[in-house]
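In my numbering, the protein residues as written are 1 to 226. Where is the CB? At the ideal position from N, CA and C, for every residue including glycine. Keep in mind that this is a model prediction, so the values were computed, not measured. Here is the structure we will look at, set down as structure tokens.
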Amino acid sequence: MLMEKERALIAEYGRKMNSAGLARGTAGNISIYDAETGYMAISPSGIGYFETEPEDVVVLTLDGKVVDGNRKPSSEYGLHAGFYKAKADKGVRAIVHTHSDFATTLACMGEPIRAVHYVIASAGTHEIPLCGYTTFGTPKLAEMAVEACGDAPAVLLANHGLVACGVDLPKAFGLADKLENLAKTQWQCMCTGKMNVLTKEQIDEVLVRFQTYGQTKAKPGTLNSY
Ligand SMILES: [Zn+2]
């Protein structure tokens with residue numbers, strides 16, 4: 001079985017995504033990219049996370065040709081492939097796409113995730129941008145999402161959900177979970193009508209401070225460095 005370890009991880013993290021409240025039913029999808037072979041493993045279309053076994057995970061090229069697996073890949077395989085084509089050279093090796101409650105709420109309101117809380121700096125950015133709306137599963141969505149994301153590690157898709165990138169699956173999952181929490185804080189602030197967004201300078205200071213925080217010393221703006 002090609003990408004055996006990665007397929008097992010995708011099955012495991014699908015369950016985690018569901019248990020963490022980041023996914024309901026079959027919404028959302030997960031992928032891992034192998035830069036050596038150029039293959040991507042992605043969760044299957046329309047199978048519940050608790051029913052997905054490693055062999056249900058599909059392996060395909062970034063052009064959508066299935067190389068291993070009997071299932072139909074996620075309808076968003078083109079979205080994932082678009083990010084790997086654009087960001088593999090920046091170290092992106094895993095993507096988590098969710099329709100999680102609060103990130104999706106902001107996306108439906110046409111709001112990016114703003115610097116309401118300093119912890120957004122731990123994603124190495126001042127803001128998670130918002131991509132305009134277009135139909136799910138289309139090449140147009142992949143193109144628009146990659147462009148709107150720019151150098152950020154994640155992007156909101158209007159009236160749809162969130163795409164989070166990582167150097168590995170635990171990092172991409174952790175980012176999706178963190179951004180859901182930040183989106184919740186922002187939504188709560190918006191509900192009260194009082195939202196104080198931190199300035200770029202204030203976030204820049206946090207980015208510098210994070211360089212010496214925790215176990216690793218990382219450069220600001222490096223993907224999933226904190
Ligand atoms: Zn979706």
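### Task
Quick one: grab the DSSP three-state call for M17.
helix
### Task
Sort out for me which residues DSSP pairs M40 with in a bridge.
Y33, L60
### Query
How about L223 and V167: do their beta carbons lie closer than 7 Å?
yes
### C-beta atoms of V96 and A176 nearer than 7 Å
For V96 and A176, yes; Cβs fall inside 7 Å.
### Task
Give the single residue among T125, T199, F173, D101 whose Cα lies nearest to the Cα of G161.
The shortest Cα separation from G161 among T125, T199, F173, D101 belongs to D101.
### Message
Please list the terminal residues of the continuous alpha helix (DSSP H) segment that includes A154.
### Response
Boundaries around A154 are those of the beta strand (DSSP E), 154-157, since no alpha helix (DSSP H) includes it.
### Query
What is the DSSP secondary structure of T134, counted as helix, strand or coil?
Of the three classes helix, strand and coil, the one that applies to T134 here is coil, per DSSP.
### For ligand 1, residues whose Cβ lies under 6 Å from any non-hydrogen atom
E76, H97, H99, F136, H160, G161
### Query
Could you give the distance in angstroms between the alpha-carbon of N18 and the alpha-carbon of A148?
Approximately 27 Å between the Cα atoms of the pair.
### Task
Quickly, what does DSSP pair P73 with across the bridge? List them, please.
Under DSSP, P73 shares a beta bridge with P44.
### Query
Hey, K72 and S31: beta-carbon distance below 7 Å or not?
no
#### Entry: Residues near H99 in its chain [Cβ-Cβ closer than 6 Å; skip 5 each side]
Around H99: A27, G28, G161.
### Task
Taking V66 and Y39 to be in contact with their CB atoms under 8 Å, please state how far apart those CB atoms are, rounded to whole angstroms.
V66 to Y39, Cβ: 10 Å. No contact.
### Query
With a cut-off of 8 Å, do at least 3 Cβ pairs link the stretch 76-90 to the stretch 125-133?
Contact fails between the stretch 76-90 and the stretch 125-133, because fewer than three Cβ pairs, one in each stretch, are under 8 Å apart.
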